[in-house]
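Asker: Numbering (our numbering), first residue to last: 47 to 172.
Note that CB positions come from ideal geometry on N, CA and C, so glycine has one too.
Fair warning: this is a prediction, and the values are worked out from it, not measured in the lab.
I'd like to ask you about the structure that follows.
Here's what the structure looks like:
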């Protein structure tokens with residue numbers, strides 16, 4: 047499973063896109079569609095290791111460069127201009143276009159099994 051995300055660069059203040067790659071599938075308990083839903087929290091350690099927290103589970107990953115860049119595109123409808131309306135235009139072509147939103151060069155790769163987060167309580171001393 048691959049999920050494109052936008053990161054803020056602390057050093058330059060700019061934005062960088064990357065992919066999150068997980069081994070396996072994410073499933074909702076209610077069998078709802080996961081599109082546009084909150085999945086979890088993404089953090090980075092001081093050493094730059096990505097940490098993904100989903101529910102009561104934690105995953106540790108690593109940052110990898112992609113072999114080939116990946117384009118993140120958005121489909122949008124194209125408005126016809128007055129010039130096109132006056133011409134004999136073949137209507138078999140669709141009136142949509144794909145706009146490149148970002149070029150992705152890195153991925154956050156999580157290949158290990160999630161570890162359960164277990165809270166430990168200190169024993170009360172009397």
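Could you name each continuous alpha helix (DSSP H) segment of 4 residues or more that falls completely within the stretch 68 to 152, going from the start of the chain to the end?
Answerer: Fully enclosed alpha helix (DSSP H) runs of 4 or longer: 128 to 132.
Asker: Count the C-beta pairs between the stretch 149 to 163 and the stretch 63 to 78 that are closer than 8 Å, then say yes if the count reaches three, no if not.
Answerer: Output reads yes: the stretch 63 to 78 touches the stretch 149 to 163.
Asker: By Cβ distance below 7 Å, which residues in the same chain neighbour residue 162 in space, the five residues on each side in sequence not counted?
Answerer: The residues are 102, 103.
Asker: When the Cα atoms are used, what is the spatial distance from residue 120 to residue 144?
Answerer: Taking the straight line from one Cα to the other gives about 5 Å.
Asker: Here's the rule: buried if 16 or more other CB atoms are within 10 angstroms of the residue's CB, otherwise exposed. What is residue 107?
Answerer: Buried: at least 16 other Cβ atoms inside 10 Å.
Asker: Would you report the Cα separation of residue 96 and residue 90, rounded to the nearest angstrom?
Answerer: In a straight line, the C-alpha of residue 96 is about 4 Å away from that of residue 90.
Asker: For residue 87, which option in 75, 141, 78, 51 has the closest C-alpha, if you only look at C-alpha atoms?
Answerer: With distances taken between Cα atoms, residue 87 lies closest to 51.
Asker: Hey, would you say residue 116 sits closer than 9 Å to residue 150, going by beta carbons?
Answerer: Yes.
Asker: For residue 92, which residues of its own chain have a beta-carbon under 8 Å away from its beta-carbon, when the five flanking residues on both sides are left out?
Answerer: Nothing meets the Cβ criterion.
Asker: Could you tell me if residue 128 is buried or exposed, where buried requires 16 or more neighbouring beta carbons within 10 angstroms of its beta carbon?
Answerer: For residue 128, the pLDDT reaches just 49, beneath the cut-off of 50, and the residue's location in the model is therefore unreliable, leaving the point undetermined.
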